[in-house]
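Sequence positions in the sequence shown follow our numbering and run 255 to 567.
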Amino acid sequence: MIKLIDDHGRKIRKLRVSLTDKCNLRCHYCMPVNQTFMDEGKYLSVNEISEVVGELVGLGVEEIRLTGGEPLMRKSFVEIVQKLGALKIKKMALTTNGILLDKYLEVLKANRIFHLNVSLDSLDQENFKKITFGNYLSKVVSNIKLAQQAGFIVKINTVLMKGVNDHEILDFIKFSEETGVEVRFLELMRIGFSCGEQNTQFMSAREAIEVIKPKMELKPISSPLDSTSFNFLTSNGAQIGFIASESQPFCGQCSRWRLSADGILRACLLKEDGKNIRALSSDERMEMYRALLGMKPAMRPAEVSHHMNAIGG
Numbered sequence: 255m256i257k258l259i260d261d262h263g264r265k266i267r268k269l270r271v272s273l274t275d276k277c278n279l280r281c282h283y284c285m286p287v288n289q290t291f292m293d294e295g296k297y298l299s300v301n302e303i304s305e306v307v308g309e310l311v312g313l314g315v316e317e318i319r320l321t322g323g324e325p326l327m328r329k330s331f332v333e334i335v336q337k338l339g340a341l342k343i344k345k346m347a348l349t350t351n352g353i354l355l356d357k358y359l360e361v362l363k364a365n366r367i368f369h370l371n372v373s374l375d376s377l378d379q380e381n382f383k384k385i386t387f388g389n390y391l392s393k394v395v396s397n398i399k400l401a402q403q404a405g406f407i408v409k410i411n412t413v414l415m416k417g418v419n420d421h422e423i424l425d426f427i428k429f430s431e432e433t434g435v436e437v438r439f440l441e442l443m444r445i446g447f448s449c450g451e452q453n454t455q456f457m458s459a460r461e462a463i464e465v466i467k468p469k470m471e472l473k474p475i476s477s478p479l480d481s482t483s484f485n486f487l488t489s490n491g492a493q494i495g496f497i498a499s500e501s502q503p504f505c506g507q508c509s510r511w512r513l514s515a516d517g518i519l520r521a522c523l524l525k526e527d528g529k530n531i532r533a534l535s536s537d538e539r540m541e542m543y544r545a546l547l548g549m550k551p552a553m554r555p556a557e558v559s560h561h562m563n564a565i566g567g
């Protein structure tokens, strides 16, 4: 049996599965407003997703995260979740923009998906519209609270952008204080559509911490070795974290692979190449997994052109 340990000694134990490249928002760092999407016929089928996930779980993958685009826009979302729920997966999670979340809380819980990451870049209605080209802030906040009340473990992912939402850092921390929801601040990455904006809007985790420190104390919280974030408890009781993908890449301990909606399995979010799993037998896929172990770089490459919504970043 293959051991999912790459050429640099890192054990692959997490898989991000993109269910669709479609999204009901147009966050300006992710995709253009006039973005065209794949025909759904190009997506992996429910059975293909289940087979690949089942194989990788059998080889040692412990955590599955469903992403997009917006994964809740996949027409067969419920069927996919039910198939995966029947597998013996240690932990399943979902990354979503939260707009449709209330409609799926019951099916998520029934299939043991208890961990939710909600992308939310502004708590101000007008700023939310400017960033996302959508008018859904109240709906997203309401659904975050509904999920929390229903017993889900909810985290908010906030992409930091200088001159766009950096003035809201303390507002997000206050939201965490009031709700108990952990907020994680993400550095803007050099991927796809955001490459041109990255130089002017980039704000490092260190810069964000310097905004916070005069207002409150930050107590470090220990995290797993392969965690993407470094986390703090504030003196006001908020739980916050920082994902410094640009200024402090976590490649050295990365334990993730990514499967795109159209069947490209990638060893690294920041590498253009990957392996197409379509139309392969189980034996052929096993050989492909073995080859992919040699494709995971020790450190991150430069900026890449593919869009985040297409690869489930």
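Where is the CB? At the ideal position from N, CA and C, for every residue including glycine.
**OP:** Grab the span of the beta strand (DSSP E) containing residue 409 for me, first residue to last.
**Re:** Walking along the sequence shown from the start, residue 409 turns up at place 155. Start and end: 407–414.
Original post:
Cα separation between residue 490 and residue 432?
Top reply: Residue numbering aside, residue 490 sits at position 236 when the sequence shown is read from its first letter. Residue numbering aside, residue 432 sits at position 178 when the sequence shown is read from its first letter. Inter-residue distance for residue 490 and residue 432 is about 10 Å (C-alpha atoms, whole angstroms).
Original post:
Is DSSP giving residue 436 helix, strand or coil here?
Top reply: Along the sequence shown, one-based indexing puts residue 436 at 182. In the three-state scheme derived from DSSP, where H, G and I count as helix and E and B as strand, residue 436 is classed as strand.
Subject >> Whole-Å CB distance - residue 321 paired with residue 366, under 8 Å assumed >> reply: Position 67 of the sequence shown, counting from 1, holds the residue named residue 321. Position 112 of the sequence shown, counting from 1, holds the residue named residue 366. At roughly 17 Å, the Cβ-Cβ gap does not stay under 8 Å, so residue 321 and residue 366 are not in contact.
**OP:** Could you spell out where the alpha helix (DSSP H) holding residue 404 opens and where it closes?
**Re:** Reading the sequence shown from its first residue, position 150 is the one you call residue 404. Per DSSP, residue 404 is not a residue of any alpha helix (DSSP H), being assigned neither H nor E.
Subject >> Member of 287, 403, 347 and 454 whose CA lies at the smallest distance from the CA of residue 417 >> reply: The residue given as residue 417 occupies position 163 in the sequence shown. Nearest C-alpha to residue 417: 454.
**OP:** Please go through the same chain and pick out, in chain order, the residues whose beta-carbon is closer than 6 Å to the beta-carbon of residue 384, but skip the five residues on each side of it.
**Re:** Here residue 384 refers to the residue found at position 130 of the sequence shown. If the five residues before and after residue 384 are omitted, its C-beta is found closer than 6 Å to no C-beta atom of its own chain.
Subject >> DSSP state of residue 222 mapped onto helix, strand, coil >> reply: The structure shown has nothing for residue 222, since the chain only spans 255 to 567.
Subject >> residue 395 - DSSP class collapsed to helix/strand/coil >> reply: Along the sequence shown, one-based indexing puts residue 395 at 141. DSSP places residue 395 in the helix class (H, G or I) of the three-state scheme.
**OP:** Kindly identify the DSSP beta-bridge partner or partners of residue 370.
**Re:** Counting from 1 along the sequence shown, the entry for residue 370 is found at position 116. Note: residue 370 sits in a beta bridge opposite 348 and 408.
Original post:
Is residue 510 helix, strand or coil by DSSP?
Top reply: Walking along the sequence shown from the start, residue 510 turns up at place 256. In the three-state reduction of the DSSP assignment, residue 510 falls in the strand class.
Original post:
Rounded to the nearest angstrom, how far is the Cβ of residue 391 from that of residue 359, given a contact under 8 Å?
Top reply: Taking the first residue of the sequence shown as 1, we reach residue 391 at position 137. Taking the first residue of the sequence shown as 1, we reach residue 359 at position 105. About 19 Å separates the two Cβ atoms, so there is no contact after all.
Original post:
Skipping 5 residues on each side, what residues in its chain have a beta carbon closer than 7 Å to that of residue 382?
Top reply: Position 128 of the sequence shown, counting from 1, holds the residue named residue 382. In its chain, beyond the 5 residues on either side, 376 and 391 have a beta carbon closer than 7 Å to the beta carbon of residue 382.
**OP:** Could you name the residues of the same chain whose beta carbon sits closer than 6 Å to that of residue 513, not counting the 5 residues immediately before and after it, in chain order?
**Re:** For the purposes of this step, residue 513 is identified with residue 259 of the sequence shown, where counting begins at 1. Within the same chain, Cβ atoms closer than 6 Å to the Cβ of residue 513 are found at 271 and 519, the five residues on either side in sequence being excluded.
**OP:** Return helix, strand or coil for residue 317, following the three-state DSSP convention.
**Re:** Locating residue 317 in the sequence shown gives position 63, where the first residue counts as 1. Here residue 317 carries a strand assignment [DSSP, helix/strand/coil].
Original post:
Beta carbon of residue 302, beta carbon of residue 517: below 9 Å?
Top reply: Here residue 302 corresponds to residue number 48 of the sequence shown, with the count starting at 1. Here residue 517 corresponds to residue number 263 of the sequence shown, with the count starting at 1. Against a cut-off of 9 Å, the Cβ pair of residue 517 and residue 302 comes out as a contact.
Original post:
Where DSSP assigns a beta bridge to residue 441, which residues make up the other side?
Top reply: Your numbering for residue 441 matches position 187 in the sequence shown. Paired residue(s): 414.
Original post:
Three-state secondary structure (DSSP) at residue 256?
Top reply: As a working mapping, residue 256 is identified with position 2 in the sequence shown. Here residue 256 sits in coil by DSSP.
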